[in-house]
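Trainee: Please see the structure below; I have some questions.
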Amino acid sequence: MIITVIFCAVFTTFGLGNLLDQVWIKTENSGFVNASTPNLDYTSLSLFQLYPANEQYMKFTVKACSNAFIILYNDISLFPFYNYRIIIGAGNNSIINIRQNYDLTISSFDISTPGILNCTEHRSFELNWTVSGRITLTSGSKMLMNWTDPLPISIKDVGITTGLGSVGLWIVEHSSRFTGFYCGESGAYGSMTLLSTIRKHSRIDCVSLCSVRDDCLGVNFNRKTEECQIIAAGQQVIKMVVQESPWHLYTKCLQEKMICISCLV
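Taking UniProt numbering, the leading residue of the sequence shown gets 1, the next gets one more, and so forth.
Structure follows, in structure tokens:
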């Protein structure tokens, strides 16, 4: 999976410390892949400055028809050996499969979970792991998987993908205070759900409207018409880039200016 990183200007306006707690990530269909496919093409969460390995915990939702992959790696570069592969909705959306790859030693087992994923509905999960090798997956109060590896791998990074015809829309929870930093890209327009539209004389005036709202992800600002569009939070960043367009897209950054999602998609 190719992630195109676009270098954006980052600037700041007054920050009110509102809380943003979701990072939306879309994974395309990786093709005919399964738990034993070598060199799987994963999206590393570290690309988004997300490090669930530090907490040994990941809370997320995913909307996919089947075959949502999570890989727990012992190397930040997603080296192909020494990992756990967890497939939610394998076997035509009927099982959870967990597979351990350790040198030439491979162990795998399945858990029956018919209809665990849904093509049009987000399903919520919590994944936990420990240094002693215990890995659990829950959904609400229901324990879906509880497995302990007798030869545990040290986990340093987490990757996600989808395969066998499925496209996935993931929401990874991450609580962070907005402190006033925005990622801005000229010639870009956020084709997303809007909260409101108003005229403002400058981009600073426009983003200031967003800064005071918890439900605002960012703004579209047209430097010619001075149109200011307030973009709703809680959605995937979808942007169009047109050379010499008068539109500018500005989205909030998390962890000061460490997590600027619109610059990574």
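Just so it is clear, CB atoms sit at the ideal spot from N, CA and C, and this is done for glycine as well.
#1: Assuming residue 269 contacts G187 under a Cβ cut-off of 8 Å, what Cβ separation, rounded to an integer in Å, is found between them?
#2: Can you give me the C-alpha to C-alpha distance between S193 and A233, rounded to a whole angstrom?
#3: To the nearest whole angstrom, what separates the beta carbons of S46 and D157, a pair I think is in contact under 8 Å?
#4: Measuring only the C-alpha atoms, how far is I87 from R223?
#5: Would you kindly work out how many angstroms separate the C-alpha atoms of L78 and G159, rounded to a whole number?
#6: To the nearest angstrom, how far is the alpha carbon of S141 from that of F221?
#7: Could you tell me if I259 is buried or exposed, where buried requires 16 or more neighbouring beta carbons within 10 angstroms of its beta carbon?
#8: Do three or more CB pairs link the segment 163-178 to the segment 199-206 at distances below 8 Å?
#9: Would the beta-carbon of Y84 fall within 9 Å of that of I96?
#10: What would DSSP say about P246, mapped onto helix, strand or coil?
#11: Are the beta-carbon atoms belonging to L254 and R199 less than 9 Å from one another?
#12: Grab me the residues of K239's own chain with a C-beta within less than 6 Å of its C-beta, minus the 5 sequence neighbours each way, in chain order.
#13: Starting from E227, trace the beta strand (DSSP E) both ways and give me its first and last residue.
#14: Starting from E55, trace the alpha helix (DSSP H) both ways and give me its first and last residue.
#15: Quick one: what does DSSP say C65 is sitting in, helix, strand or coil?
#16: Determine the burial state of M58: buried for a count of at least 16 other Cβ atoms within 10 Å of its Cβ, exposed for fewer.
#17: Rounded to whole angstroms, what's the CA-CA distance from Q56 to T130? Just pull it up for me.
Mentor: Well, looking at it:
#1: No answer is possible for residue 269: it lies beyond the span of the chain, which begins at 1 and ends at 265.
#2: Taking the first residue of the sequence shown as 1, we reach residue 193 at position 193. Taking the first residue of the sequence shown as 1, we reach residue 233 at position 233. One detail in the question is off: residue 193 reads as Thr in this sequence, not Ser. Cα-Cα distance, rounded: 9 Å.
#3: For the purposes of this step, residue 46 is taken as residue 46 along the sequence shown, with counting starting at 1. For the purposes of this step, residue 157 is taken as residue 157 along the sequence shown, with counting starting at 1. Yes, S46 and D157 are in contact; Cβ-Cβ is about 6 Å, under 8 Å.
#4: As a working note, residue 87 is residue 87 in the sequence shown. As a working note, residue 223 is residue 223 in the sequence shown. Near 46 Å, if we compare the C-alpha coordinates of R223 and I87.
#5: Mapped onto the sequence shown, residue 78 falls at position 78. Mapped onto the sequence shown, residue 159 falls at position 159. Its pLDDT being 49, under 50, L78 is placed unreliably in this model, and the value from its coordinates should be taken loosely. Approximately 8 Å between the Cα atoms of the pair.
#6: Here residue 141 is taken as the residue at index 141 of the sequence shown, counted from 1. Here residue 221 is taken as the residue at index 221 of the sequence shown, counted from 1. Cα to Cα, S141 sits roughly 44 Å from F221.
#7: Taking the sequence shown and counting its residues from 1, one reaches residue 259 at position 259. Answer is buried; the Cβ neighbour count reaches 16.
#8: no
#9: The residue labelled residue 84 in the question sits at position 84 within the sequence shown. The residue labelled residue 96 in the question sits at position 96 within the sequence shown. Taking 9 Å as the Cβ cut-off, Y84 and I96 do not qualify as a contacting pair.
#10: One-based indexing of the sequence shown puts residue 246 at position 246. P246 falls in the coil class under three-state DSSP.
#11: On the sequence shown, position 254 is the one that residue 254 refers to. On the sequence shown, position 199 is the one that residue 199 refers to. Cβ atoms of L254 and R199: not closer than 9 Å.
#12: For this step, residue 239 is matched to residue 239 along the sequence shown. Only A188, G190 and L249 meet the Cβ criterion.
#13: Taking the first residue of the sequence shown as 1, we reach residue 227 at position 227. Start and end: E227 to A232.
#14: As a first step, residue 55 is located in the sequence shown; it is residue number 55 there, counting from the start. Looking at the DSSP string, the run of the alpha helix (DSSP H) that includes E55 is P52 to E55.
#15: Residue numbering aside, residue 65 sits at position 65 when the sequence shown is read from its first letter. Looking at C65 - three-state DSSP - the assignment turns out to be coil, as it is neither helix nor strand.
#16: As a working mapping, residue 58 is identified with position 58 in the sequence shown. Classification of M58: buried, given that the 10 Å Cβ count is 16 or more.
#17: In the sequence shown, residue 56 corresponds to position 56, counting from 1. In the sequence shown, residue 130 corresponds to position 130, counting from 1. Going by the C-alpha atoms only, they are around 6 Å apart.
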